[in-house]
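> Here the protein sequences line up with chains A and B, keeping their order. Each number in our numbering comes from the position in the first sequence (counting from 1) with 357 added on. Each number in our numbering comes from the position in the second sequence (counting from 1) with 357 added on. Cβ coordinates follow ideal geometry from the N, Cα and C atoms, glycine included.
2 protein chains.
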Amino acid sequence: MIYSSELIKGTLKTIVLKLLSDNNRMYGYEITQKVKELTGDKIQITEGALYPTLHALESDGLLTVETEFIGKRVRKYYSLSISGKQKSQEKISELADFMNTMKYLLDIKTA
Amino acid sequence: MIYSSELIKGTLKTIVLKLLSDNNRMYGYEITQKVKELTGDKIQITEGALYPTLHALESDGLLTVETEFIGKRVRKYYSLSISGKQKSQEKISELADFMNTMKYLLDIKTA
DNA sequence: ATCAATGCATAACATTCTTATGTATATTTG
DNA sequence: CAAATATACATAAGAATGTTATGCATTGAT
């Protein structure tokens with residue numbers, strides 16, 4: 358089972374920031390695989406969404422990038438900048454809080 | 358504190374279906390107020406998002422509507438149709454599951 | 001050799017909100 | 001009682017954020 362795609366909306370940036378806050382550096386493809394692995398294939402990040410997101414986070418100054426070559430193939434490692442670490446914590450707590458609120462909303466009897 | 362607006366994306370339909378699955382019928386404005394109340398003002402549904410959503414759910418056959426007049430003011434009560442009840446359960450479990458997955462993803466050390 | 005996986009990227013399009021605006025009635029408050 | 005606030009609907013322009021499709025190139029597996 359894969360979640361309806363609209364659910365991912367709004368959470369992608371935070372997912373990326375969270376992974377980078379736990380790992381010193383990661384590259385795009387690695388992020389897609391890690392998310393697949395951690396969620397048992399329930400969440401699949403598309404490359405069409407991920408790469409523009411990484412570029413946006415970088416241009417916001419939250420990520421720094423190092424380009425490396427593995428053989429002839431390019432690989433771009435992203436890391437959190439200082440402000441990225443800050444932002445990361447904020448976004449993670451906000452999302453975690455939101456998840457709790459939504460779970461509450463979905464579980465209670467609202468009558 | 359109000360959540361960043363992008364977080365609501367993709368959850369609105371399910372929120373509406375959930376409220377209607379617990380309440381026989383509700384009208385738009387009532388839904389906005391109920392969500393505010395239940396979430397301690399953390400989630401505020403805007404009318405610009407809600408009314409088109411209600412119309413979409415209705416045109417998908419998930420909701421039925423009854424128009425009533427309170428004095429001279431119109432009020433549109435929405436209820437789940439048979440297929441709406443079905444869909445409602447599906448969407449609610451999917452979202453609850455997604456929330457758990459996301460919480461897990463945000464809480465663990467992914468290193 | 002061929003196919004799948006790795007690894008990046010972008011563009012057209014779709015979806016789903018926000019913000020702004022509009023209309024009207026009912027209630028509260030100074 | 002006038003004015004402000006709350007109730008109650010609606011839609012349109014624009015922003016944000018994703019999907020799908022496509023492209024290119026290297027590397028590993030059968």
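1) Which runs of the alpha helix (DSSP H) fall wholly inside the segment 364-391 of chain A and span at least 4 residues, in chain order?
2) Contact check, Leu377(A) vs Tyr434(A) under 8 Å by CB: the rounded distance?
3) If you draw a straight line from the alpha carbon of Met358(A) to that of Asp398(A), how long is it in whole angstroms?
4) Kindly provide the ranges of any beta strand (DSSP E) runs that are 3 or more residues long and lie completely inside the segment 387-461 of chain B, ordered along the chain.
5) Across the segment 449-467 of chain A and the segment 395-415 of chain B, are there enough close Cβ pairs to call them in contact, namely three or more that are closer than 8 Å?
6) Just the chain A side, please: which residues come within less than 8 Å of Asp398(B) by C-beta, in chain order?
7) Cα-Cα, which of Asp464(B), Ile465(B), Leu374(B) and Asp379(B) is closest to His412(B)?
8) For Thr371(B), which residues of its own chain have a beta-carbon under 7 Å away from its beta-carbon, when the five flanking residues on both sides are left out?
9) Using Cβ-Cβ distances below 7 Å, what residues of the segment 423-453 of chain B are close to chain A?
10) So that I know if they touch, is there some Cβ in chain B lying closer than 8 Å to that of Asp417(A)?
11) Which chain A residues sit within Cβ distance under 8 Å of Glu387(B)?
12) For a contact defined as C-beta to C-beta under 7 Å, what are the partners of Tyr360(B) on chain A?
13) I want to know whether the segment 415-429 of chain B touches the segment 439-446 of chain B - three or more CB-CB distances under 8 Å.
14) Closer than 8 Å by C-beta to Phe426(A): which residues in its own chain qualify, once you throw out the five before and the five after it? Chain order, please.
15) Report yes if the C-beta distance between Glu363(A) and Gly405(B) is below 8 Å; otherwise report no.
On the basis of the data shown:
1) 369-379
2) At roughly 10 Å, the Cβ-Cβ gap does not stay under 8 Å, so Leu377(A) and Tyr434(A) are not in contact.
3) 8 Å
4) 420-427 and 430-437
5) yes
6) Ordered by position in chain A, no residue passes the 8 Å Cβ test against Asp398(B), which lies about 11 Å from the chain.
7) Leu374(B)
8) Lys448, Ile449 and Leu452
9) Ile449, Glu451, Leu452 and Ala453
10) no
11) By Cβ distance, chain A contributes nothing, its closest Cβ being about 11 Å from Glu387(B), past 8 Å.
12) Glu451 and Phe455
13) yes
14) Arg432
15) no
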